[in-house]
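A.B. asks:
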Ligand code: GDP
Ligand code: MN
């Protein structure tokens with residue numbers, strides 16, 4: 001089970017990236033943005049881009065080899081590029097479970113598109129950014145290939161350390177930008193943008209120049225950069241990454257790849273975009289949790305953790321480890337809790353057959369402990385809980401909460417603090 005853990009670790013890192021000091025410590029925080037739920041595939045991002053005047057290649061999307069072949073014929077292009085659609089990057093160098101090498105292929109023959117698509121669709125593609133077993137490919141993009149004379153890197157992101165949007169670019173694109181940042185930091189250029197004033201012509205021009213666009217290409221690149229920035233704002237993105245942001249021998253500046261991340265808090269005003277959300281790559285249980293505004297992370301031990309807040313989640317996992325146990329998962333309740341959510345949370349936690357005990361560790365700041373206690377007793381009764389339950393509540397209304405639990409007649413073990421809770425839950429598992 002090494003690979004799901006790797007994926008979870010990456011998620012944890014993304015959560016941790018919410019912490020400003022960590023972001024500040026990484027001067028090139030290009031890949032590290034706060035955790036967001038909405039993900040779009042490349043073809044969806046490129047549709048948004050082309051609708052907003054950004055230059056992308058003509059393309060079709062296919063979900064079968066036959067459809068890919070038809071799309072390739074329909075494109076009627078000199079050369080075709082076939083690209084597996086998964087949310088992770090590094091596809092070019094990825095490997096399919098069918099044995100096919102490379103998630104991005106160039107060919108002049110539509111028949112070859114069909115043959116390659118057959119070895120892509122329905123198979124897993126593993127890249128540097130996916131779990132080891134890869135991610136299943138359901139769709140491919142069939143696009144008109146263009147010759148590339150130069151590959152640069154361009155991203156626009158909300159950066160906490162700049163308190164606003166920043167343009168990040170490098171004349172050395174196409175490759176892993178973090179490697180460039182490590183080996184040639186002088187080749188990474190930044191432009192902080194005042195969100196009220198917007199992007200200035202001089203900033204777009206300077207970035208175009210730093211990316212190495214010369215002559216008439218400089219104005220064209222600056223124009224694309226401004227359009228990308230305006231799109232970034234319009235769609236409430238937290239990151240727009242184009243790698244490669246390339247030039248063709250014919251003198252065109254083109255976005256050859258696209259990755260957009262979004263601000264979840266903007267869902268209310270970006271309904272069309274959120275409706276496109278591709279959740280097919282999430283674990284089903286994560287999607288189920290997200291429906292109830294809960295965040296679920298699966299781990300490989302046997303003690304389920306029910307907590308509020310990512311920090312408390314990690315502290316809880318740590319203290320379980322320290323006491324010789326292993327967390328099976330954690331479920332983060334967040335703030336503003338309703339009783340029904342507590343019930344759903346228990347349902348999700350107990351659905352995992354690995355779970356041999358549940359540890360509830362809730363700190364009631366905004367959360368009212370009595371609501372949690374009522375949710376717990378209701379869930380225990382209705383779900384006929386079969387595993388030991390250790391509860392540590394602290395904070396708002398904790399006495400009422402303890403009364404609810406102790407008067408419930410249910411076999412709930414209460415704990416006085418986190419340490420006590422960890423010891424009791426580890427012991428309850430060991431007894432079995
Ligand atoms: P990634 O590997 O997941 O980042 O996928 P990309 O879309 O960036 O494609 C990987 C590489 O394939 C790019 O860096 C380009 O070198 C190459 N590539 C992609 N599209 C084209 C194209 O239309 N023409 C040419 N010549 N190369 C392309
Ligand atoms: Mn790329």
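In our numbering, the protein residues as written are 1 to 432. We put the beta carbon where it would ideally sit given N, CA and C, even for glycine. Everything numeric in this text was worked out from a predicted model, so none of it was measured.
Looking only at C-alpha atoms, which of 129, 348, 340 and 136 sits nearest to residue 306?
C.D. replies: 348
A.B. asks: Among 368, 115, 286 and 45, whose alpha-carbon lies nearest the alpha-carbon of residue 402?
C.D. replies: Checked all of 368, 115, 286 and 45; the closest Cα to residue 402 is 368.
A.B. asks: Is residue 435 near the ligand MN, in the sense that its beta carbon is under 6 Å from a heavy atom of that ligand?
C.D. replies: Outside the shown range of the chain, which is 1 to 432, sits residue 435, and nothing can be said about it.
A.B. asks: Just to confirm my understanding: we take residue 211, look at its own chain, exclude 5 residues before and 5 after, and list those with CB closer than 6 Å. What are they?
C.D. replies: Leaving aside the five residues that flank residue 211 on each side, the residues in its chain whose CB is nearer than 6 Å to its CB run, in chain order, 152, 169 and 171.
A.B. asks: What I want to know is whether the C-beta of residue 91 ends up closer than 6 Å to one or more non-hydrogen atoms of the ligand GDP.
C.D. replies: yes
A.B. asks: Would you list, in sequence order, the uninterrupted beta strand (DSSP E) runs of no fewer than 3 residues that lie entirely inside the stretch 383-415?
C.D. replies: 389-395 and 412-414
A.B. asks: Is residue 286 buried or exposed, if buried means 16 or more other CB atoms sit within 10 Å of its CB?
C.D. replies: buried
A.B. asks: Please determine whether the Cβ atom of residue 243 lies at a distance below 6 Å from any heavy atom of the ligand MN.
C.D. replies: Yes, Cβ of residue 243 sits closer than 6 Å to a heavy atom of the ligand MN.
A.B. asks: Does DSSP put residue 226 in a helix, a strand or coil?
C.D. replies: helix
A.B. asks: I'd like the list of long-range same chain contacts for residue 248, defined as Cβ closer than 7 Å, with 5 residues on each side in sequence excluded.
C.D. replies: 146, 147, 148, 149 and 254
A.B. asks: Hey, is the stretch 122-130 in contact with the stretch 90-100, meaning 3+ C-beta pairs nearer than 8 Å?
C.D. replies: With a cut-off of 8 Å, the stretch 90-100 and the stretch 122-130 count as touching, because enough Cβ pairs lie within range.
A.B. asks: Considering only the beta carbon of each residue, do residue 167 and residue 54 sit closer than 7 Å?
C.D. replies: In this structure, residue 54 does not lie closer than 7 Å to residue 167 by Cβ.
A.B. asks: In three-state DSSP terms, what is residue 256?
C.D. replies: coil
A.B. asks: When the Cα atoms are used, what is the spatial distance from residue 117 to residue 265?
C.D. replies: 37 Å
A.B. asks: Consider the C-beta atom of residue 81 and the heavy atoms of the ligand GDP; say whether any pair is separated by less than 6 Å.
C.D. replies: For residue 81, the distance from the CB to the nearest heavy atom of the ligand GDP is below 6 Å.
A.B. asks: Please name the residue or residues paired with residue 158 in a DSSP beta bridge.
C.D. replies: 165
A.B. asks: For the beta strand (DSSP E) containing residue 238, name the first residue and the last one.
C.D. replies: 237-247
A.B. asks: So residue 75 and residue 60 are in contact, right, with Cβ under 8 Å, and what is the actual spacing, rounded?
C.D. replies: About 7 Å separates the beta carbons of residue 75 and residue 60, which is inside the 8 Å limit, making them a contact pair.
A.B. asks: Which residue's Cα is closest to the Cα of residue 339: 209, 417 and 294?
C.D. replies: 294
A.B. asks: Assign residue 368 to one of three DSSP states: helix, strand, or coil.
C.D. replies: coil
A.B. asks: I believe residue 84 touches residue 142 by the beta-carbon criterion, under 8 Å. Please report the beta-carbon distance rounded to the nearest angstrom.
C.D. replies: Not really, about 11 Å apart at Cβ, beyond 8 Å.
A.B. asks: Based on the DSSP secondary-structure assignment, which residues constitute the bridge partners of residue 141?
C.D. replies: According to DSSP, residue 141 shares a beta bridge with 61 and 83.
A.B. asks: In its own chain, which residues sit with a C-beta less than 8 Å from the C-beta of residue 104, not counting the 5 before and 5 after it?
C.D. replies: Close CB contacts of residue 104 within its chain, under the 8 Å cut and outside five residues either way in sequence, are with 81, 82, 83, 84, 91 and 92 (chain order).
A.B. asks: Threshold first: 4 residues or longer. Then list the alpha helix (DSSP H) segments lying entirely within the stretch 290-359, N to C.
C.D. replies: 310-322 and 339-351
A.B. asks: Evaluate residue 425 with the Cβ neighbour count: other Cβ atoms within 10 Å of its Cβ, from every protein chain shown; 16 or more gives buried, anything less gives exposed.
C.D. replies: Counting the other Cβ atoms within 10 Å of the Cβ of residue 425 gives 16 or more, which makes it buried.
A.B. asks: Please name the residue in 381, 372, 409 and 383 whose C-alpha comes closest to that of residue 391.
C.D. replies: Measuring from the Cα of residue 391, the nearest candidate turns out to be 372.
A.B. asks: Taking only the alpha-carbon atoms, compute the straight-line gap between residue 159 and residue 263 and give it to the nearest angstrom.
C.D. replies: 13 Å
A.B. asks: Can you tell me which residues form a DSSP beta bridge with residue 186?
C.D. replies: BP columns for residue 186 are empty, so no partner.
A.B. asks: Rounded to whole angstroms, what's the CA-CA distance from residue 276 to residue 44? Just pull it up for me.
C.D. replies: 8 Å
A.B. asks: Which same chain residues, not among the five before or five after residue 128, have their C-beta less than 6 Å away from its C-beta?
C.D. replies: 90
A.B. asks: Could you check what DSSP says for residue 430 in three-state terms: helix, strand or coil?
C.D. replies: Looking at residue 430 - three-state DSSP - the assignment turns out to be helix.
A.B. asks: In terms of alpha-carbon separation, which member of 430, 51 and 238 lies closest to residue 326?
C.D. replies: 430
A.B. asks: Can you tell me whether residue 169 sits near the ligand GDP, meaning its C-beta is under 6 Å from at least one heavy atom of the ligand?
C.D. replies: no
A.B. asks: Given a threshold of 16 other Cβ atoms within 10 Å of its Cβ, counted over all protein chains shown, does residue 406 qualify as buried or as exposed?
C.D. replies: So residue 406 counts as exposed.
A.B. asks: What I want to know is whether the C-beta of residue 439 ends up closer than 6 Å to one or more non-hydrogen atoms of the ligand GDP.
C.D. replies: The question about residue 439 has no answer, for the chain in this structure spans 1 to 432.
A.B. asks: Assuming residue 165 contacts residue 188 (C-beta within less than 8 Å), just tell me the rounded distance between them.
C.D. replies: About 16 Å separates the two Cβ atoms, so there is no contact after all.
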